[in-house]
Amino acid sequence: MSAELTAEQAQQELVEEFEMFDNWMDRYQYIIDMGKQLPDFPDTWKTDEHKIKGCQSNVWMHHEVEGERLHFEATSDAAIVSGLIAVLLRIYNDRPAEEIRNTEPHFLADLGLDNHLSPTRSNGLHAMLQRIFQVAGKQ
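With UniProt numbering applied, the sequence shown covers 1 to 139.
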């Protein structure tokens, strides 16, 4: 991710990358591959405080405030969910809270994620997104 990209531009770039794939099996594999590149998540952060409720698999998300920017790290024990974390972080990580609040997640519809994920994965994705917005002060 280029630091110069806005969250909106990061969404558009992601949508363009997904247009390269002809089918959803390839898209799922790309999402899984993105998840494999997440940084290591310390076991000390795998606590109830950091756990995302509403996910079928285990998901933990930690955040820190760095100046005006919010830095998120997250992990899951499921490969596809780790990839969804990577997608969310690519768009919302290391951004000012105001930019996060003002960037609607239209990539969900643009990529067709809501239509192609199982209901439990979709619920988990929305729970992760809700946590990011909650941290950024968007209710």
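Note that the Cβ used here is the ideal one computed from N, Cα and C, for glycine as well.
Predicted, not measured: the structure shown is a model, and the values here were computed from it.
Whole-angstrom C-beta distance between residue j and residue i, which should lie under 8 angstroms
i           : j          : result
residue 111 : residue 84 : In fact, because the Cβ distance is near 11 angstroms, the residues do not count as touching under 8 angstroms.
residue 32  : residue 87 : At roughly 11 angstroms, the Cβ-Cβ gap does not stay under 8 angstroms, so residue 32 and residue 87 are not in contact.
Per-residue DSSP class, three states only, for residue i
i          : result
residue 21 : coil
residue 98 : helix
residue 16 : helix
residue 75 : strand
residue 63 : strand
residue 5  : coil
Residue i versus residue j - alpha carbon distance
i           : j          : result
residue 55  : residue 27 : 21 angstroms
residue 115 : residue 44 : 35 angstroms
residue 79  : residue 4  : 29 angstroms
residue 101 : residue 64 : 16 angstroms
residue 128 : residue 18 : 21 angstroms
residue 69  : residue 62 : 14 angstroms
residue 136 : residue 29 : 30 angstroms
Residue i and residue j closer than 8 angstroms at C-beta
i          : j           : result
residue 11 : residue 107 : yes
residue 91 : residue 14  : yes
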